[in-house]
Amino acid sequence: MGVEEKLLPNNLNLPPSAKKDEYGNLVTDKKTLEELYLRTYESRLQPNCLPAELDELKTLKKYLFNLRVKLAKQDVTEDWSFKQLEAALKSLKNHKARDIWGHTYELFKYGGKDLKYSLLSLFNRVKKSQTYSSIFKSQQ
3 MGVEEKLLPN
13 NLNLPPSAKK
23 DEYGNLVTDK
33 KTLEELYLRT
43 YESRLQPNCL
53 PAELDELKTL
63 KKYLFNLRVK
73 LAKQDVTEDW
83 SFKQLEAALK
93 SLKNHKARDI
103 WGHTYELFKY
113 GGKDLKYSLL
123 SLFNRVKKSQ
133 TYSSIFKSQQ
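Counting with the numbering used here, you get residues 3 to 142 for the letters of the sequence shown.
Laid out in structure tokens, this is it:
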């Protein structure tokens, strides 16, 4: 098989260049096709409307959700252990791209005990307070 055959095979399935609109007319113009696809996906992404008789159910579900959130805020879990941190760090993959601050997983994975205890303290403090340091917030 030559290079040309690999780059442009004979059985190439091109996407359709025409579509029927809501009236059954065949649309082939590029701009009109784009508008038709836009209308199609806008209608598909519309949220489903609930019938009026289900409004009470929706209200009850919101109330239940809020109750669960309040209960979850009161549920205090134990701090993570050093063993759990090491297991999590061990599961990180090597040779991956650096994060936006230039750190690699290997830095934390193979760091010394002082670094790991500092990470553990930081993670447990974040878990308790649910406030994140600015170093964890995106720079975008």
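Note that CB positions come from ideal geometry on N, CA and C, so glycine has one too.
| query | result |
| --- | --- |
| L124 and F110 closer than 9 Å at C-beta | no |
| Cβ shell of L121 (< 7 Å), same chain only, five flanking positions each side left out | L87, F110 |
| Per DSSP, cross-strand counterpart(s) of L28 | K22 |
| Residues near L52 in its chain [Cβ-Cβ closer than 7 Å; skip 5 each side] | K60 |
| Secondary structure of Q142, DSSP reduced to three states | Its pLDDT being 49, under 50, Q142 is placed unreliably in this model, and the value from its coordinates should be taken loosely. Q142 falls in the coil class under three-state DSSP. |
| Cα-Cα separation, V29 to L47 | 22 Å |
| Where V78 falls: helix, strand or coil (DSSP) | coil |
| Span of the alpha helix (DSSP H), counted from its first residue to its last, around R127 | 115-131 |
| A89 (DSSP reduced to helix, strand or coil) | helix |
| Of the residues S136, Y25, E108, L40, the one placed nearest H97, counting alpha carbons only | E108 |
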